[in-house]
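Trainee: Residue numbers (this note's numbering), protein chains in the order written: chain A, 782 to 1167; chain B, 782 to 1167.
Here it is, the structure, as structure tokens.
Protein chains: 2
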Amino acid sequence: MRTMTWNQQVVKKNNKALVLQLIMEKEPLSRADIAQVSGLNKTTVSSLVSELLDEELIYESGPGESSGGRRPVLLHFNKDAGYAVGIDIGVNYVLCVLTDLKGNIVIEKNQMVHRTPYSAIMSIVQNMITSLIKEMPSSRYGIIGIGVGVPGMVNKEGSILLAPNLGWTNIQLKEDLENLFHVPVIIENEANAGAVGEQQFGAGLDNQNLLYVSAGIGIGVGIILNNDLYQGKNGFSGEMGHMIIELNGKSCNCGSRGCWEAYASENALLAMADPNIDSLESLMELAEKGDQQALDLFKQIGQYLGYGINNIINTFNPEQVIIGNRLAMAQKWIEEPIRTTIAQHTLAYHQKEMQLKFSKLKKYSTALGVSAFVVDYFIKEEAKTP
Amino acid sequence: MRTMTWNQQVVKKNNKALVLQLIMEKEPLSRADIAQVSGLNKTTVSSLVSELLDEELIYESGPGESSGGRRPVLLHFNKDAGYAVGIDIGVNYVLCVLTDLKGNIVIEKNQMVHRTPYSAIMSIVQNMITSLIKEMPSSRYGIIGIGVGVPGMVNKEGSILLAPNLGWTNIQLKEDLENLFHVPVIIENEANAGAVGEQQFGAGLDNQNLLYVSAGIGIGVGIILNNDLYQGKNGFSGEMGHMIIELNGKSCNCGSRGCWEAYASENALLAMADPNIDSLESLMELAEKGDQQALDLFKQIGQYLGYGINNIINTFNPEQVIIGNRLAMAQKWIEEPIRTTIAQHTLAYHQKEMQLKFSKLKKYSTALGVSAFVVDYFIKEEAKTP
DNA sequence: AAACTTTGTTTGCTAGATATACAAACCTTT
DNA sequence: AAAGGTTTGTATATCTAGCAAACAAAGTTT
Chain A
782 MRTMTWNQQV
792 VKKNNKALVL
802 QLIMEKEPLS
812 RADIAQVSGL
822 NKTTVSSLVS
832 ELLDEELIYE
842 SGPGESSGGR
852 RPVLLHFNKD
862 AGYAVGIDIG
872 VNYVLCVLTD
882 LKGNIVIEKN
892 QMVHRTPYSA
902 IMSIVQNMIT
912 SLIKEMPSSR
922 YGIIGIGVGV
932 PGMVNKEGSI
942 LLAPNLGWTN
952 IQLKEDLENL
962 FHVPVIIENE
972 ANAGAVGEQQ
982 FGAGLDNQNL
992 LYVSAGIGIG
1002 VGIILNNDLY
1012 QGKNGFSGEM
1022 GHMIIELNGK
1032 SCNCGSRGCW
1042 EAYASENALL
1052 AMADPNIDSL
1062 ESLMELAEKG
1072 DQQALDLFKQ
1082 IGQYLGYGIN
1092 NIINTFNPEQ
1102 VIIGNRLAMA
1112 QKWIEEPIRT
1122 TIAQHTLAYH
1132 QKEMQLKFSK
1142 LKKYSTALGV
1152 SAFVVDYFIK
1162 EEAKTP
Chain B
782 MRTMTWNQQV
792 VKKNNKALVL
802 QLIMEKEPLS
812 RADIAQVSGL
822 NKTTVSSLVS
832 ELLDEELIYE
842 SGPGESSGGR
852 RPVLLHFNKD
862 AGYAVGIDIG
872 VNYVLCVLTD
882 LKGNIVIEKN
892 QMVHRTPYSA
902 IMSIVQNMIT
912 SLIKEMPSSR
922 YGIIGIGVGV
932 PGMVNKEGSI
942 LLAPNLGWTN
952 IQLKEDLENL
962 FHVPVIIENE
972 ANAGAVGEQQ
982 FGAGLDNQNL
992 LYVSAGIGIG
1002 VGIILNNDLY
1012 QGKNGFSGEM
1022 GHMIIELNGK
1032 SCNCGSRGCW
1042 EAYASENALL
1052 AMADPNIDSL
1062 ESLMELAEKG
1072 DQQALDLFKQ
1082 IGQYLGYGIN
1092 NIINTFNPEQ
1102 VIIGNRLAMA
1112 QKWIEEPIRT
1122 TIAQHTLAYH
1132 QKEMQLKFSK
1142 LKKYSTALGV
1152 SAFVVDYFIK
1162 EEAKTP
């Protein structure tokens, strides 16, 4: 049961968070604007704003344009009050970004890796963070937290139960990083993180219900409903790569048959391609040159993606579906077949007003997503302090 | 953006609702118990309880057992403070129940129908409600609202956009009923209502994340996540009957191919059966007699249901999947193939702790679900009054 | 220059949650 | 049975935070 008790502190905390959120989203903004938009009393707004000023989460700037009376004092979000670390651990790379509180990348580190034992990846990550901290501009709050996106199943306590493509089982990355750096650490599945990233900073701005299809070596889906990431009972939601789209179809690594990712992932694409083509990149080069076989392959993959997205739309009636991860690089060739497939199969009422988009953050979706997570946590915690 | 402003009225309203909810769920209960469980101050609880007593939503009973000191005054939920009407409009029946505030059926009316033009159904519904009102016991609040479940797409404003099996398009049932009876009216999709019904009164008690698979003439799915019904952007979520489970598979009424409900619905079952079998009931009779063909058919349908449920589990990582509507009557024959199919296909981590159950409310799922909706709305509204 | 507008603060009020004290009712121990 | 301790529930006073009204400051319009 949700035993949530309400009292004045809760009210204040939430109002303060509301004011801060408004400033973040619509800066520059006057106190009067905030009062009008939020419905809060002018005095209440003034008092909350003054606390936020003390905490250096916002700052004032010179007077704005008058609208027929006294000129307003404009308020801005202090995006440099602290910095978040966002890390994307992929199968052959580690990407690490330092972002300000608005998700702008301040420093970026990228390293290719060939083998992925935990100890090796851990030491790379540790080095990256340590050097980020050295290079980081000084600020009121410093590093506010570390977020990590991994291609695997993460439970709600932050344990990585299984990351097949990294060869990891039962890894306590959260604990290890917290012991090293003594800041809040958040571990998330790569698709979930990507969904949050796109919603906060990318193609999904202002959308309450969106699905992010991470189409890479496998397929995972990040699910945002009513503005919140939906994680399922244990944190394992969105394993739609293993949705069956063909009865007794191609066999899949997971032991089942006919899974979506056996048809529509990068692995599936390469399996269908000529054996001497070894990467998505080389296939894209061929397509760029007009190679018919490559073009047909992309068309095929687009159709397969479309079938799965049909299922997503009929299930969730979302505002938006965003396609991300590596296959999104092939947008040029796969977009049209995806759209055609949806148009032919999906219920008309569901198609109406539904937006299909491609990732805007590209390779940064996941890293920026976990960074957004960290910022979110910080903002909520910070707004609490008296 | 969620521009939710908070103030003391909101606090009080929510605390009052919390207290009432506690009493509903755990009666009998003393004021001291409530204070302890909720974390609210004893005085606060006392004052809220006294308001609830004035409103006759709860009542006191003789003192309970002492636990070493003064004996507590026990509080009970007054389930007879008012009554809700729940109506299930099916393709060949109209079921209408009057329930108390705990979902117990007080009066029940059931009528077979052969043709389903709106005017005919509407007059049946009107007559049923009118006679319910006559027969209803007297109470403080009388009829607190009317809920209707329909097999079709209902938008968030309560318009029935499309109910193919009834032959309805763009029906304003909500408006019509409100004009007739002047109480709040809620219209919901049949599967959504069933999900709510099972969660509140049936097989899904205490589950925060559950999916209700309404397997009847077609297939619809009601989705409850984090204790709330998820309706999607427009209210059209859960059309998983049109999830593609076979590429280029059987053609479906919706215009697409390979839809789940083309394989696993009652219609699909009858299409596969001998042409002189005209109903699920007669097929069940055959199976009861040990007819091998009938048994095989049920096994087949069970497998098909299992494939779709596999997709549901991998997508949502739910606590529970409940199978309801007409096909649930064949539990005896379809349960085992469903379980086997899931065991063979679904990711192991997702299977763990996942409960598969069959409807407990049987034919009442939908009617009790909309009734629960009405009660919920009433409780929330009522708690507001000063 | 006078009148009006808009912005933001000061002042006093109020609702509602909380802490403290206390009374009532009960149990346990001597 | 009397004393002492517990538990339940209420009465009283206090405090927090939002709100309304008044006002000051800084504009614009006529």
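Note that beta-carbon positions come from the ideal geometry of N, C-alpha and C, so glycine has one too.
DSSP has Cys1033 (chain A) in a bridge; who is on the other side?
Mentor: Bridge partners of Cys1033 (chain A): none, in fact.
Trainee: When DSSP labels each residue in this structure, what does Asp869 (chain B) get in the three-state scheme?
Mentor: strand
Trainee: Give, in chain order, every residue of the stretch 1011-1028 of chain A whose Cβ lies closer than 9 Å to some Cβ of chain B.
Mentor: Tyr1011, Gln1012, Gly1013, Lys1014, Asn1015, Gly1016, Phe1017, Ser1018, Gly1019, Glu1020, Met1021, Gly1022, His1023, Met1024, Ile1025, Ile1026, Glu1027 and Leu1028
Trainee: Is Arg1107 (chain A) helix, strand or coil by DSSP?
Mentor: helix
Trainee: Can you tell which of B:Leu1086, B:Ser912 and B:Arg851 has its C-alpha closest to the C-alpha of Leu1108 (chain B)?
Mentor: B:Leu1086
Trainee: Tell me whether Thr784 (chain B) sits in a helix, a strand or coil according to DSSP, three-state version.
Mentor: Unreliable placement is indicated for Thr784 (chain B), whose pLDDT of 46 sits below 50; no coordinate value is reported for it.
Trainee: Can you confirm whether Trp949 (chain B), when its beta carbon is compared against all beta carbons of chain A, has any partner nearer than 8 Å?
Mentor: no
Trainee: So, do the stretch 936-952 of chain B and the stretch 982-993 of chain B have three or more beta carbon pairs nearer to each other than 8 Å?
Mentor: no
Trainee: Going by beta carbon distance, what residues of the same chain come within less than 8 Å of Pro844 (chain B), once the five residues before and after it are set aside?
Mentor: Arg852, Pro853, Val854 and Leu855
Trainee: When you compare only the Cα positions, how much space is there between Asp869 (chain A) and Ile1103 (chain A)?
Mentor: Roughly 19 Å separates the two Cα atoms.
Trainee: Is there a C-beta anywhere in chain A that falls below 8 Å from the one on Ile1160 (chain B)?
Mentor: When Cβ-Cβ separations below 8 Å define contact, Ile1160 (chain B) makes no contact with chain A.
Trainee: Compile a chain-ordered list of the residues in the stretch 1075-1096 of chain B whose CB is closer than 7 Å to at least one CB of chain A.
Mentor: Tyr1088, Asn1091, Asn1092, Asn1095 and Thr1096
Trainee: For Ser828 (chain B), which three-state DSSP category applies?
Mentor: helix
Trainee: Counting only Cβ pairs nearer than 8 Å, list the residues of chain A close to Glu1100 (chain B).
Mentor: Per Cβ cutoff of 8 Å: Lys1014.
Trainee: Please look up how many angstroms separate the CB atoms of Glu760 (chain B) and Ser1146 (chain B), rounded, as I've assumed it's under 8 Å.
Mentor: Lying outside 782 to 1167, the shown extent of chain B, residue 760 (chain B) is not represented and no answer is given.
Trainee: Would you please state the rounded distance, in angstroms, between the beta carbons of Val966 (chain B) and Gly926 (chain B)? I believe it to be under 8 Å.
Mentor: Rounded, the Cβ-Cβ distance is 7 Å, consistent with contact.
Trainee: Measuring only between beta-carbons, confirm whether Val935 (chain B) sits less than 8 Å from chain A.
Mentor: no
Trainee: Here's a check: name, in chain order, each residue in its chain whose Cβ is nearer than 7 Å to the Cβ of Met782 (chain B), leaving out the five neighbours to either side.
Mentor: In this prediction, Met782 (chain B) has a pLDDT of 36, which is less than 50 and means its spatial position is unreliable; nothing more can be read from the coordinates.
Trainee: Quick one: grab the DSSP three-state call for Ile780 (chain A).
Mentor: Only positions 782 to 1167 of chain A appear in this structure, which leaves residue 780 (chain A) out of reach.
Trainee: Here's the rule: buried if 16 or more other CB atoms are within 10 angstroms of the residue's CB, otherwise exposed. What is Met1024 (chain B)?
Mentor: buried
Trainee: Looking at the structure shown, is Trp1114 (chain B) part of a helix, part of a strand, or coil, going by DSSP?
Mentor: helix
Trainee: Mind checking Tyr864 (chain B): buried by the 16 CB within 10 Å criterion, or exposed?
Mentor: Buried is the call here.
Trainee: Which partner residues does Phe982 (chain B) have in the DSSP bridge list?
Mentor: Paired residue(s): none; Phe982 (chain B) is not in a bridge.
Trainee: Taking the DSSP output, what are the residues bridged to Trp949 (chain B)?
Mentor: B:Ala944
Trainee: How about Asn796 (chain B): is its C-beta nearer than 8 Å to some C-beta of chain A?
Mentor: yes
Trainee: In the DSSP assignment, find the beta strand (DSSP E) that holds Asn859 (chain B) and state where it starts and stops.
Mentor: No beta strand (DSSP E) holds Asn859 (chain B); DSSP gives it neither H nor E.
Trainee: Suppose the cutoff is 7 Å on Cβ atoms and the five residues either side in sequence are ignored; what does the same chain contact list for Asn859 (chain A) look like?
Mentor: Glu837, Leu838, Ile839 and Tyr840
Trainee: Grouping DSSP H, G and I as helix and E and B as strand, with all else coil, what is Asn1015 (chain B)?
Mentor: If DSSP states are grouped into helix, strand and coil, Asn1015 (chain B) belongs with coil.
Trainee: So does the stretch 969-977 of chain A actually touch the stretch 1001-1019 of chain A, counting three or more Cβ pairs closer than 8 Å?
Mentor: A contact exists between the stretch 969-977 of chain A and the stretch 1001-1019 of chain A.
Trainee: Does DSSP classify Ile804 (chain A) as helix, strand or coil?
Mentor: helix
Trainee: At the 8 Å Cβ level, is His1168 (chain B) part of the contact set with chain A, yes or no?
Mentor: In this structure chain B extends from 782 to 1167, so residue 1168 (chain B) is not present and cannot be described.
Trainee: How long is the line joining the alpha carbons of Gln817 (chain A) and Lys937 (chain B), rounded to whole angstroms?
Mentor: 28 Å
Trainee: In chain order, what residues of the stretch 822-849 of chain B put their CB closer than 7 Å to some CB of chain A?
Mentor: none
Trainee: Restricting to Cα atoms, I'd like to know which of A:Asn1091, A:Ile888, A:Leu961 and A:Arg896 is closest to Tyr874 (chain A).
Mentor: A:Arg896
Trainee: Is there a C-beta anywhere in chain B that falls below 8 Å from the one on Thr786 (chain A)?
Mentor: yes
Trainee: Leu954 (chain A) by DSSP, collapsed to three states: which one?
Mentor: In this structure, Leu954 (chain A) counts as helix in the three-state DSSP scheme.
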